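S.K.: Sharing a structure, written as structure tokens. Questions coming.
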């Protein structure tokens, strides 16, 4: 008879151990405790808003996501490598949330909190099922739930891909635990499907097959006391998963290269890449033990600090030596460290992706290996001494509460873009991204001069950054400092004109026009008419901007220039007619109205309404 789902969960939660589990390690108390702890730390997140950094592209201004669940959206999700990633499962999650909640940050944040709680519960189930040791499994899961380095993954809507992919990672591990006990083709298919869905949420799961081999070493001990043939079979059973990994890696590299996210080898030398990797690996370990001064972005230093790199290398070497030295009597140290090293490898910055030296969100899965090693080591040290066990429990609870308080404080910085990037400026040095984003926040609030100061401060550290130069150009124009703005425009322009494509700049200009920011839309379309005079829309929208500003002479001149190149554009004739009428040139105005109707008869009613409105 098949077991029902409830009995399977109880089986996963029940420990097979010689030591009696404490009262707080009971099957029915675990889910409630983990989910309650998650809510205690993260419930305030539902009051947070979206963040300008990536959330705009992923959700707020993404028309496919805004439309909710649609067939076109589903097809787009499967095909798109938008924003340098192929992750259709994540897009479908966003569409589902938009369908249910609308573009309401509360709904998205609730889902993030729920996914993190589920991940904490699944982690406990996985570790307990694999190791048959509920106590270290419990504490490792607690560390995972409350650690401040994981706040970024939960509080940032754009990082739901991390949460969702990890959910399928853990589900696949649970299925693997079943497969190890009773190898069946159907179970292997389930593992494979869960793995593929996880990759479709975030490609960081490419290390999954190697992680299974680590678990085969410990805690499963599948390589212990068996023949070479059996060991080879255990390795070979992962071959289909490695093939899937290779395909996913190829898709990811192509997507990242197309977006320019991967820094070319010629731009960063091999020694620099190795030092970046060492700094990255050591950095997360240091932040695990001392999780303060956390930032959404950590910029690279302008110079390599060889002393720091040497200290970091010494730290990693020490951990590696301890892992090797204790591999027989304490294999969990080697297994935990290997988990950390392997799962962090895709984002270790040996292959440099983006401009960040490290990112808190990248530690979401890798730190689990270190949590396992710490929790198991501590428990093995005290479990035979009753008084020490009590001390361990009290100490562990104090650590969990302390980490929870730090996480709650860190979560408060994510309430809006202003608080987040102001905090990043305060706790990091030379953070040009934070200066840029905080400047954008101030500009949106109408504090243009303060925004200019932020942009200029960012330019001190990244003088050739195109985004910063573009934003300071925009802000200076708003402040009426066109002459000063011009030098920044020259640096920024390649961002919008490389390959002869000015669509990005045009999109910004149209948004300004729709917001009725006519002064700025006029500035943008004036630039566009010189950059791309082959686009009639640029003349038309510039004319509309001048009409809205009641600068009829400029509107007339621009629209006439447009008609010299595009004499068959009805909208240009219509708007020139309006400009001429306001300039008192009635006969010429009527002539262009007539030509507009001739080219597009549907404009008859529009012109009639305009004339009727003028008579009134």
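In this note's numbering, the protein residues as written are 3 to 618.
The beta carbon of each residue, even a glycine, is placed where N, CA and C say it ideally should be.
In this text the structure is predicted, and so the values were computed from the model without any measurement.
Between the C-alpha atoms of residue 375 and residue 146, what's the straight-line distance to the nearest angstrom?
M.R.: Going from the Cα of residue 375 to the Cα of residue 146 covers about 13 angstroms.
S.K.: Taking the alpha helix (DSSP H) that residue 147 belongs to, which residues open and close that run?
M.R.: Unbroken alpha helix (DSSP H) run through residue 147: 136–148.
S.K.: Whose C-beta lies closer than 6 angstroms to the C-beta of residue 209 among residues of the same chain, with five residues either side of it excluded?
M.R.: Taken in chain order, the residues that qualify are 344, 345.
S.K.: Quick check: the Cα distance between residue 149 and residue 46, rounded to an integer number of angstroms?
M.R.: Rounded to the nearest angstrom, the two C-alpha atoms are 16 angstroms apart.
S.K.: Excluding the five sequence neighbours on either side, which residues of its own chain have a C-beta within less than 7 angstroms of the C-beta of residue 426, listed in chain order?
M.R.: 297, 298, 299, 433, 436, listed in sequence order.
S.K.: Kindly list the residues whose CB is nearer than 6 angstroms to the CB of residue 405, restricted to its own chain and excluding five residues on each side of it in sequence; keep chain order.
M.R.: If we look at residue 405 and ignore the five residues flanking it on each side, its Cβ neighbours are 148, 149.
S.K.: Mind checking which residues open and close the alpha helix (DSSP H) that includes residue 170?
M.R.: Where residue 170 is concerned, the enclosing alpha helix (DSSP H) stretches over 162–183.
S.K.: In this structure, what does DSSP give as the bridge partners for residue 301?
M.R.: Answer is 358.
S.K.: Could you give the C-beta distance for residue 543 and residue 556, rounded to a whole number, given that I count them as a contact under 8 angstroms?
M.R.: Wrong, their Cβ atoms sit about 13 angstroms apart, outside the cutoff.
S.K.: Are residue 33 and residue 377 touching if we call contact CB-CB under 8 angstroms?
M.R.: It is not a contact, given that the beta carbons lie outside the stated cut-off.
S.K.: Leaving out five residues on either side along the sequence, give the residues of the same chain with a beta carbon under 7 angstroms from the beta carbon of residue 170.
M.R.: Hits under 7 angstroms: 196, 199, 200, 203.
S.K.: Straight-line CA distance for residue 607 to residue 494?
M.R.: Those two C-alpha atoms are separated by around 43 angstroms.
S.K.: Under the rule that 16 or more other beta-carbon atoms within 10 Å means buried, what is residue 252, buried or exposed?
M.R.: So residue 252 counts as exposed.
S.K.: Less than 8 angstroms between the beta carbons of residue 233 and residue 225, yes or no?
M.R.: Cβ atoms of residue 233 and residue 225: closer than 8 angstroms.
S.K.: My assumption, with CB atoms under 8 angstroms, is that residue 212 sits in contact with residue 295. Please give the rounded CB distance.
M.R.: Incorrect: roughly 32 angstroms between the Cβ atoms, too far for contact.
S.K.: What do you get for residue 94, buried or exposed, if any count of 16 or more other CB atoms within 10 angstroms of its CB means buried?
M.R.: With 16 or more other Cβ atoms within 10 Å, it is buried.
S.K.: Tell me which same chain residues have a C-beta within less than 6 angstroms of the C-beta of residue 275, skipping the five on either side of it?
M.R.: Correct list, in chain order: 352.
S.K.: Report yes if the CB atom of residue 156 is closer than 8 angstroms to the CB atom of residue 118, and no otherwise.
M.R.: Going by C-beta atoms, residue 156 is nearer than 8 angstroms to residue 118.
S.K.: Determine the DSSP secondary structure at residue 238, reduced to helix, strand or coil.
M.R.: Residue 238: helix per DSSP, three-state reduction.
S.K.: Residue range of the alpha helix (DSSP H) that residue 112 falls in?
M.R.: Unbroken alpha helix (DSSP H) run through residue 112: 107–133.
S.K.: Does the distance from the CB of residue 444 to the CB of residue 453 come in under 8 angstroms?
M.R.: Contact flag set, yes.
S.K.: Between 515, 472, 414, which has its C-alpha nearest residue 48's C-alpha?
M.R.: Looking at the Cα atoms, 414 is the closest of the given residues.
S.K.: Evaluate the contact criterion for the segment 103–117 versus the segment 84–92: three or more CB pairs, one atom per stretch, below 8 angstroms.
M.R.: Judged by Cβ distances under 8 angstroms, the segment 103–117 makes no contact with the segment 84–92, as fewer than three pairs qualify.
S.K.: Pull up the CB-CB distance for residue 550 and residue 579, whole angstroms please, since I reckon it's below 8 angstroms.
M.R.: With a Cβ gap of about 16 angstroms, residue 550 and residue 579 do not count as contacting.
S.K.: Expressed to the nearest angstrom, what Euclidean distance is found between the alpha-carbon atoms of residue 536 and residue 498?
M.R.: Near 16 angstroms, if we compare the C-alpha coordinates of residue 498 and residue 536.
S.K.: How big is the Cα-Cα spacing for residue 603 and residue 596?
M.R.: About 10 angstroms.
S.K.: In angstroms, rounded to a whole number, what distance separates the CA positions of residue 601 and residue 503?
M.R.: Each residue's Cα considered, the two are about 29 angstroms apart.
S.K.: Just to confirm my understanding: we take residue 358, look at its own chain, exclude 5 residues before and 5 after, and list those with CB closer than 6 angstroms. What are they?
M.R.: Here the set comprises 299, 300.
S.K.: Are the Cβ atoms of residue 366 and residue 164 separated by less than 8 angstroms?
M.R.: Taking 8 angstroms as the Cβ cut-off, residue 366 and residue 164 qualify as a contacting pair.
S.K.: Need the endpoints of the alpha helix (DSSP H) that residue 449 sits in, please.
M.R.: Per DSSP, residue 449 belongs to no alpha helix (DSSP H) and is neither H nor E.
S.K.: What's the C-alpha gap between residue 193 and residue 459?
M.R.: Looking at the two C-alpha atoms, the distance is approximately 50 angstroms.
S.K.: Near residue 621, which residues of its chain fall below 6 angstroms by C-beta distance, leaving aside the five closest residues on each side in sequence?
M.R.: Missing from the structure shown is residue 621; the chain here goes from 3 to 618 and no further.
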